[in-house]
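Asks:
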Amino acid sequence: MTEKMTHIERVLASLGDQPVDRLTVYPIACGVSRRTIGDGTMLYKDWCSDPKNYAQGLISGQKYFDLDLTVGLMDLSVIAGDFGSHVRMDEQNTPFVDDPVIKGPEDYEKLQAPDINKGRSGVILEGTKIFADALKNETITSGFLEGPLLALTQSASAEKVFMDMYNNRSAVHKALGTFTEYLRDMVKGMGQSKPAACMWDYLWASYSCLGDNEYDEFEGQYKYAGGLNELVGKEGMALAIHNCADLPHLDTQIKAMKPAAYTMAYYPLIPGSPSASEVIGKGYADNCVVCGNIDPQGYVRWSQEKMQKTTMNLCQEVKTALCARGLKSKYCIASGCEVPPSVTTRLENIKTMVDTVKQYGQVTC
Ligand SMILES: [Zn+2]
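In this text, residue positions in the sequence shown follow the working numbering: the first is 1457, and each later residue adds one.
1) With DSSP as the reference, please indicate the residues paired to Asn1573 in a beta bridge.
2) With DSSP as the reference, please indicate the residues paired to Leu1601 in a beta bridge.
3) Determine the DSSP secondary structure at His1443, reduced to helix, strand or coil.
4) My output table needs one value for Val1867: the three-state DSSP class, helix, strand or coil.
5) Closest to Leu1605 by C-alpha separation, out of Asp1589, Ser1533 and Asp1707, would be which residue?
6) Less than 8 Å between the beta carbons of Glu1565 and Lys1616, yes or no?
7) For Pro1475 and Ser1785, which I take to be in contact (beta-carbon distance under 8 Å), what is that distance rounded to the nearest angstrom?
8) Let me know the secondary structure DSSP gives Ile1736 once reduced to three states.
9) Pull up the CB-CB distance for Gly1599 and Tyr1658, whole angstroms please, since I reckon it's below 8 Å.
10) When the Cα atoms are used, what is the spatial distance from Val1557 to Pro1551?
11) Tell me which same chain residues have a C-beta within less than 7 Å of the C-beta of Ile1697, skipping the five on either side of it?
12) By how many angstroms is the C-alpha of Gly1494 removed from the C-alpha of Ile1515?
13) Just how far apart, CA to CA, sit Ser1577 and Phe1674?
14) Using C-beta distances below 6 Å, list every residue in its chain close to Asp1742, excluding the 5 sequence neighbours before and after it, in chain order.
15) I want to check one thing, is the minimum distance from the CB of Cys1747 to the heavy atoms of ligand 1 below 7 Å?
16) Taking only three categories from DSSP, how would you classify Ala1536?
17) What's the C-alpha gap between Lys1711 and Lys1738?
18) So does Cys1793 have its beta carbon nearer than 7 Å to some heavy atom of ligand 1?
19) Going by DSSP, which residues form a beta bridge with Arg1544?
20) Could you have a look at Asn1699 and say whether DSSP puts it in helix, strand or coil?
21) Quick check for students: name the residue ranges of the alpha helix (DSSP H) that lie wholly in the segment 1575 to 1638, counting only runs of 4 or more.
22) If I measure Cβ to Cβ from Met1530 and keep anything under 8 Å in the same chain, skipping five residues before and after, which residues do I get?
23) With Phe1587 and Thr1636 assumed to form a contact (beta carbons below 8 Å), what rounded beta-carbon distance in angstroms separates them?
24) In angstroms, rounded to a whole number, what distance separates the CA positions of Gln1648 and Pro1727?
25) Out of Glu1594, Ser1611 and Ala1607, point me to the one whose CA is closest to Pro1651's CA.
26) Relative to the C-alpha of Leu1695, which candidate in Gln1677, Ala1653, Leu1666 and Tyr1663 has its C-alpha closest?
27) Looking only at C-alpha atoms, which of Val1481, Tyr1722 and Gly1540 sits nearest to Gln1815?
28) For ligand 1, any of its heavy atoms closer than 7 Å to the Cβ of His1705?
29) I believe Ile1535 touches Gly1645 by the beta-carbon criterion, under 8 Å. Please report the beta-carbon distance rounded to the nearest angstrom.
30) When every heavy atom of ligand 1 is checked, does at least one fall within less than 7 Å of the C-beta of Cys1788?
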């Protein structure tokens, strides 16, 4: 089928709630995109440790799947690793921290920020520059950074940090201050790489972990995150936020932080987890493109028929909710979190999702 709008035209129209030829679509296909390069055998560890490989995967994936957006999500052990945690790096699995740098309360205050141009921080900055430049006339691009509280929990373990929020409060704040300073440098570096947007992973704004007061104190719009969000704008990038928690703080992260785009998940088995129609119906998409919420495991486990049916149902739910709210296009059909970068992910399911939105994503109120 012939598309009437380019990717960039469609995303810009959606940001302004203008009519679109179809809804925007973005399976968060990042690490898995390496499998669209050449013979498809590039290892995850080679993709995530070399800026050219990282960029090449994202560029190749955009073309292969015909994506409206490109986000430079790597994995959540980048910052912890560069700060001195040991990262277990298997050939094909998502790397993870197996020996955190923070072991006891005294370690919070000893953290030393690394050189942002070295390690995987440097891979991200250099690689983002390559893919943002290569795709600047194709799609809307976004860099991706872990927020300060996520960087801290990855460097210490979440259980430890949540206990130390009460037992060693000032030490936790000292560490968050150190991560925030490093992230300010990363945002400035990201600004030099020139993606259109910068996306934060602010995972811990989740009512299953933290209440409003705790989130406000330890990350929040009026604490560490607020200054970082402001800096993203000053550096010429649009603000985007990813939070795949089950019970996200939508009032803080959408209404107070005011991102241009917000990507979220949906957990149908968890009472209170907000569905796409609830999020739209309660006004969260009025001034923000909400992106969600197909189960990432579906790209591994489902048949193409099930992926098609699930995507069709989500398109229908979203279109009905947008029309009821008087909106035209402020939702992006997306996965709830990253499509698993594993070798068992079915690339044809990613294609099927994109093709289904092309076929059934027209909004006619
Ligand atoms: Zn996620």
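Here a beta-carbon is modelled for each residue, glycine too, at the ideal position from N, C-alpha and C.
In this text, all values refer to a predicted model and were calculated from it rather than measured experimentally.
Replies: A quick look at the data gives this:
1) DSSP output for Asn1573 lists no bridge partner at all.
2) Trp1656
3) In the structure displayed, the chain extends from 1457 to 1821; residue 1443 sits before or after that span and is not available.
4) Given a span of 1457 to 1821 for the chain in the structure shown, any question on residue 1867 remains unanswerable.
5) Ser1533
6) no
7) 7 Å
8) helix
9) Between Tyr1658 and Gly1599 the Cβ distance is about 15 Å, and since that is not below 8 Å, they are no contact.
10) 16 Å
11) Met1655, Trp1656, Tyr1658, Gln1709, Met1713, Pro1715 and Tyr1718
12) 12 Å
13) 23 Å
14) none
15) no
16) helix
17) 11 Å
18) yes
19) Phe1552
20) strand
21) 1575 to 1590, 1604 to 1612 and 1614 to 1623
22) Cys1486, Gly1487, Cys1504, Tyr1510, Arg1576, Val1579, Ile1580 and Phe1600
23) Rounded, the Cβ-Cβ distance is 26 Å, inconsistent with contact.
24) 43 Å
25) Glu1594
26) Ala1653
27) Val1481
28) no
29) Rounded, the Cβ-Cβ distance is 13 Å, inconsistent with contact.
30) no
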